[in-house]
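For reference, the structure discussed in these notes is given below.
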Amino acid sequence: MHAQIVLFDGFDPLDVIAPYEVLYAGGTASDGAVSVELVSAEGPREVVSGTGGLELCATAALDPARPGVVLIPGASGRIGEPGEVPDQDAGTAGEWRRDEFIPVLLGRTLTTGLPDLLRAAMADPRITVAAVCGGSLILAMAGLLEGRPATTHHLGLDLLDATGVQAVDARVVDDGDLVTGAGVTSGLDLGLYLLEREIGPRIAHAVERLFAHERRGTVWRRQGPAPATV
């Protein structure tokens with residue numbers, strides 16, 4: 022299984038690093054059955070995250086025809102609605118920028134070549150598209166998730182629902198060729214679940230023990246009877 026993790030300007034580093042390390046360790050544990058790389062829509066480049074200017078290097082362009090997994094992270098920035106000037110911690114005059122808000126950082130990806138690449142990847146039955154945190158919102162805002170179950174950070178569930186997605190408040194949601202994770206650290210759980218599903222539970226368990234991480238929550242699938250009440 023080859024995984025391409027997509028970088029874009031303003032990405033959240035933990036959304037990237039958590040699944041990257043899990044999948045990389047899965048490759049080691051499985052004697053090379055898993056490989057992983059960082060990519061961008063534009064090709065090889067240094068990509069600036071939304072956390073303190075931390076940069077990661079995309080080593081290739083996203084290939085929407087390569088079988089495996091394409092994983093989209095969320096963004097890191099101010100929490101709030103675009104255009105809101107924060108009441109505090111705004112810095113001195115001229116320091117605050119509108120594009121520091123997470124919704125703006127996510128929305129800006131729609132002006133790049135990323136949506137077309139993701140659309141092509143989602144049309145390929147050999148590819149599973151995965152998303153962590155706000156990555157689901159990127160897919161939703163591009164019109165790629167309408168009517169499908171998905172999750173995101175709990176603060177973004179209403180927005181996800183407003184785009185026509187069946188928003189599910191779960192740690193991981195598996196809809197076949199679409200697997201989504203909730204907030205930030207769910208990237209660990211998402212990565213482990215992909216290992217379990219695609220490679221096997223023994224490899225996933227070995228990596229889980231390596232990172233001393235116990236997975237949280239239920240993986241939601243569209244299976245079994247719907248609950249009448251809870």
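Be aware that the sequence shown starts at 22, since it is given in the numbering used here, and climbs by one per residue. Where a beta carbon is used, it is the ideal one built from N, C-alpha and C, also for glycine.
Distance CB(Leu-139)-CB(Val-150) smaller than 9 Å
yes
Cut-off 7 Å between Cβ atoms - residues of its own chain near Pro-65, not counting five sequence neighbours on either side:
Ala-79, Thr-80 and Ala-81
Could you tell me whether the segment 205-213 touches the segment 34-53, using the rule of 3 or more Cβ pairs below 8 Å?
yes
Val-153 and Gly-95 - do their beta-carbons sit closer together than 9 Å?
yes
Taking Cβ to Cβ, would you say Thr-172 is nearer than 9 Å to Val-193?
yes
DSSP-derived helix/strand/coil call for Ile-100:
coil
Between Asp-190 and Leu-180, which are expected to be in contact by the criterion C-beta below 8 Å, what is the C-beta distance as a whole number of angstroms?
The pair is not a contact, with the Cβ atoms about 13 Å apart (cut-off 8 Å).
Please report how far the alpha carbon of Leu-213 lies from the alpha carbon of Thr-250, in whole angstroms.
30 Å
Nearest neighbour of Glu-167, chosen from Gly-53, Asp-196 and Asp-145 [CA to CA]
Asp-196
Alpha-carbon to alpha-carbon, Arg-129 and Gln-25:
20 Å
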